[in-house]
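All residue numbers in the sequence shown are consecutive under the working numbering, ending with 1161. Don't be surprised by glycine CBs; every beta carbon is placed ideally from N, CA and C.
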Amino acid sequence: MASNSLAYNEQAGAGETAELGQEAAATMSPSGAFGLFSSDLKKNEDLKQMLESNKDSAKLDAMKRIVGMIAKGRNASELFPAVVKNVASKNIEIKKLVYVYLVRYAEEQQDLALLSISTFQRALKDPNQLIRASALRVLSSIRVPIIVPIMMLAIKDASADLSPYVRKNAAHAIQKLYSLDPEQKEMLIEVIEKLLKDKSTLVAGSVVMAFEEVCPERIDLIHKNYRKLCNLLVDVEEWGQVVIIHMLTRYARTQFVSPWKEDGGAEDSEKNFYESDDEQREGTERRKKPYAMDPDHRLLIRNTKPLLQSRNAAVVMAVAQLYWHISPKSEAGVISKSLVRLLRSNREVQYIVLQNIATMSIQRKGMFEPYLKSFYVRSTDPTMIKTLKLEILTNLANEANVSTLLREFQTYVRSQDKQFAAATIQTVGRCASSISEVSDSCLSGLVCLLSSRDEVVVAESVVVIKKLLQMRPAQHGEIIKHMAKLLDSITVPVARASILWLIGENCERVPKIAPDVLRKMAKSFTSEDDLVKLQILNLGAKLYLTNSKQTKLLTQYILNLGKYDQNYDIRDRTRFIRQLIVPNEKSGALSKYAKKIFLAQKPAPLLESPFKDRDHFQLGTLSHTLNTKAAGYLELSNWPEVAPDPSVRNVEVVELQTKEWTPAGKAKKENPAKKFYSESEEEEDSSDSSSESESESGSGSEEEADSSEDSSASSPSEQEGESASESEGRSKRTAKKSWKTRAKSDSEDEEKENEKSKSSDSSSAESSSAEESSSDAESESESDSGPDSRKVTKEKEGRPKQARSTLPKDVSLLDLDDFNSVSTPVALPTPVLSPSLRADLEGLNLSTTSSVINVSSPVFVPMKTHVLLHRMSGKGLAAHYFFPRQPCIFGAKMVSVQITLNNTTDQKIENIHVGEKKLPAGMQMHAFSPVDSLEPEGSVTVSMGIDFCDSTQTASFQLCTKDDCFSVNIQPPVGELLLPVAMSEKDFKKEQGMLTGMNETSALIVATPQDFTPSVILQKVVNVANVGAVPSGQDHLHRFAARTVHSGSLMLVTVELKEGSTAQLIINTEKTVIGSVLLRELKPVLSQG
């Protein structure tokens, strides 16, 4: 993973520099190119003068030359003061090059870079996306802890930028900020979670890289985005594909069951050895069940297969390791052809690919056997490539192809590359040990090599023959005699030591040669290598025990030489052997067993591949290449026995008006027409067309589902342009649809409550269904259906008042038939209270004037919940929280938070409570009362209060059970730090006049006319922030008011519609930080359709 991270960041940052360097070289004149990059001080002085010039052309030329210096690897750091002065240049081209320079040197010249930090902050709001992105890159390159808060705000801002390029750079900046200050992890995770939802292919790779660096353990963040990432994979940039594939490989190993179970792998049988009979029986039954691959598992394998054709070797390697680690063994063979294709690349790519093939070929030889000739060594291959190819050829050797391979090896042995020739001899030895049919021919071939003139070849042959003879010592006495004669000519210590060991082990088979060899070795003992000396001592001891008559004095002579040797290992060995083989008074009981100790049967050496123990590392990683765990390596987990719940990857398609736009306290089964209707001070005496038109604009989602023609009628600008007859006809048709919807929902509600109303509503529903099943011609006939529908609508308008007295609990905003015409000035109610409480509805104040500023009830309560504790992290305990937008009962300055606790296990969870609190200075929390026990599959909702001190800081605490504690945190959206305020238009203007200048922030919004209708604007604003609607006497002005929970500071929001498709969003407040954050959150919501 570390190698991927390095390559990815280098590619992201260095590419632009190199490209600009080439551009600079192309634009320079030939005369100026000669000696341009010399270290002459006058040249740099010339560049400084050009940078201080008043002419943009001279500055641009200087910057091109400087970036050219950087591209060529020259040091241009001394020009930093002169370059940084031009950071505020109005010329876009100069500014781009200045930022390229600053990204390179900001970390080295931190003090000077800090002087321009205000300029970088201003550049973050530049209209040009390249400037915004470059400013963020420079800011994140200044590695000074003091600017961490500024970087954090800049990253949060950039993560919501409209440009995907800027959001991509925000993801890059996350990693830099995390390495600078790891304590920002929780806030960065929130930004990562937000960016993971981004649908741009430009952002996907970068944010997954940030995820891997910052919080790779938070697999829960991937669940909802898993399918999106799989589907976007083909279109993501190449280096992003590498990162995403590696991450999805780890994800798959934790979320899906093993596809290898059907193969009856050795792993299962090995585990069963340690299991009890019952467990083994259960395991057998479990394996008998047919394996069915998870559709999401199949989606990943299917979507990565096309990337095997990628031109990028890293992408092909990433897909290969994914198939190796998570696909069924029968499907893994598709990667072999693609990997062999990579062997035509440069030597560095070949080296990595061959290493991975070497690991694969140990376990699954069949994958690469068809491509055997692709691994034949070429004379132009470097030694490292030759050695790896030899390794793979050895792994692929079997009875069918071994004769071909041995002929190939005969050529390799004669290579001028001595290291390669030695490796080939070892390969022949491995073939002889693994394939018994050719062991004799291999051994005779190695003996022939003993007559080679090349000392390295002879030495390696001796070592390999020694290992082979150790496996079959009985019938090879002649070979041992032949090797004893070579002692006079061989000088390589390892080979000499091997021959001495062989003679010592077989001294009884060569009784005449062994004493003579010892005699020769005693003469040269003092000049031998330490390794050889130890084997001479061993040989003397063995001969002393088996042939004491001939070698007793010789052995004592050698022991005396060893007693005074300079090497303490040899002195120790000498003392040990003397006490063991020469009995005396001080000898212990071991002397009796000296022969058994020295002449014991030695186990034969196991000739294994050096890649045998690498398979526990993920293929394609730096750790696999080095065969040791590298920093940042993330281990692959074992397959789970039982697959986790696949429903966590299900993504609910959220429709704004049908799901999220639910009034407080309403059930989810509510009809879409019962969502939200704005009310005016004109009550039931308003005209029919007026009320029906307002009904039409309020139920936009219903009309969109019915017909595209009626959906376009919700735009006030279009309605004003229509003729009177068309307008009347539209309102009639809309009234009919509105009546149908209300008839259905009323009948459903009243059937459950009252027998009398049940019969009347049944008749209404019958007429409704009859009207729905009528022909299109009847539905479009304005003259026939219009009066009828208007009449029925009026009848329905009278019914809610009667229902209000009989059904006190089921009261909705539909019961207040005070609807405005869209074409008239909109006057919204001051306090619109929770529709679920009858007491609140009775207290509705529909007047448009208010002399006092009071806190009102929320216009709308979004039911969106946030994950506090995932069930996997909480060991079965899951927790979600949401903001009910009600005054907190624990304190006036606290925000009310409701937490739903779910027990997803099959056991009772006891004593759920809040443990240690880690709150920023000034922040307070009132914990919920401990929950004594939570039954299996049970849930409970508790309330708590948190004083966030008018900030979006995270409230961190521990959610504890009887046995465990889990660290969780709550960070409020800025809109939940407010309480809605009821005030008149006059008071609003008065307060707004006192909050101007620095207390005012604004932004321009561009959207379609349909998005600027009063109901849509109200809906979008109150969905984001807990504000109250202020009545307005002007069509183009929409006002909202609130106050902060902690300090009570007013927050005034104005949406002023301009000509065309633009609007001005203005926020006035003393709390400028909250105001600017709220502006950033409202702007994209109001801009989108």
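- DSSP, reduced to helix, strand and coil, places Tyr-629 within a helical segment of the structure shown.
- The beta carbon of Gln-327 sits closer than 6 angstroms to the beta carbons of Pro-716 from its chain, once the five residues preceding and following it are set aside; these are given in chain order.
- The continuous alpha helix (DSSP H) containing Ala-230 extends over residues 220-231.
- Excluding five sequence positions before and after Val-474, the CB atoms of its chain that fall closer than 7 angstroms to its own CB belong to Cys-503, Ile-507, Val-510, given in chain order.
- Pairing Ile-407 with Ser-433 gives a Cβ-Cβ distance that is not under 8 angstroms.
- Trp-573 and Leu-611 have their alpha carbons spaced roughly 7 angstroms apart.
- Here the segment 1058-1066 makes no contact with the segment 1008-1017; the two share fewer than three CB pairs at distances below 8 angstroms.
- Taking the C-beta atoms as reference points, Ala-586 is found nearer than 8 angstroms to Leu-615.
- Here the segment 155-174 makes contact with the segment 205-214; the two share three or more CB pairs at distances below 8 angstroms.
- Per DSSP, reduced to three states, the secondary structure at Ile-291 is coil, with no helix or strand assignment.
- With a contact defined as Cβ atoms closer than 8 angstroms, Gly-987 and Phe-1029 qualify at about 7 angstroms.
- Each residue's CA atom was taken as its position, placing Gln-498 and Ser-533 some 8 angstroms apart.
- Between Val-927 and Leu-1051, the alpha-carbon positions lie close to 7 angstroms from each other.
- Annotated as distal: Val-1053 and Leu-1150, with beta-carbon spacing of 8 angstroms or more.
- The DSSP-derived three-state label of Leu-708 is coil.
- Inter-residue distance for Leu-973 and Gly-277 is about 35 angstroms (C-alpha atoms, whole angstroms).
- Annotation for Asp-1035: no alpha helix (DSSP H) segment contains it, and DSSP assigns it neither H nor E.
- Fewer than three beta-carbon pairs drawn from the segment 1113-1127 and the segment 1037-1045 are found closer than 8 angstroms, and the two stretches are therefore not classed as touching.
- A distance below 8 angstroms between beta-carbons, with the five flanking residues on each side excluded, links Ala-178 to the following residues of its chain, in chain order: Ala-185, Val-210, Ser-213, Ile-214.
- For Leu-973, the enclosing beta strand (DSSP E) stretches over residues 967-975.
- For the options Ala-386, Arg-957, Pro-992, the alpha carbon positioned closest to that of Val-969 is the one of Arg-957.
- In this structure, the beta-carbon distance from Ile-552 to Ala-531 does not fall below 8 angstroms.
- When DSSP states are grouped into helix, strand and coil, Ala-672 belongs to the coil group.
- Beta-carbon to beta-carbon, Thr-697 and Gln-427 are separated by about 6 angstroms, close enough to satisfy the 8 angstroms threshold.
- In the assembly as shown, Ala-672 is an exposed residue. Its beta-carbon has fewer than 16 other beta-carbons within 10 Å.
- Here DSSP, grouped into helix, strand and coil, assigns Lys-990 to strand.
- A direct Cα-Cα distance of roughly 37 angstroms separates Asn-200 from Pro-992.
- Closest option to Glu-527, judged by alpha-carbon separation, among Lys-490, Thr-496, Asp-687: Lys-490.
- The beta carbons of Glu-1057 and Gly-1100 sit about 13 angstroms from each other, so the pair does not count as a contact at 8 angstroms.
- Listed in chain order, the non-local C-beta contacts of Glu-580 below 7 angstroms within the same chain comprise Thr-618, local neighbours out to five positions each way being set aside.
- Between Phe-283 and Leu-268 the beta-carbon gap is near 7 angstroms, inside 8 angstroms, which marks them as a contact.
- Under the 8 angstroms Cβ criterion, the segment 600-609 counts as touching the segment 630-647, having at least three qualifying pairs.
- Taken through DSSP and simplified to helix, strand or coil, Ala-276 comes out as helix.
- Of the other Cβ atoms in all chains shown, fewer than 16 fall within 10 Å of the Cβ of Asn-303; this residue is therefore exposed.
- Pairing Asp-229 with Thr-455, the inter-Cα distance amounts to about 52 angstroms.
- Scanning the segment 1083-1126 from its first residue to its last, the whole alpha helix (DSSP H) runs of 4-plus residues come out as 1086-1096.
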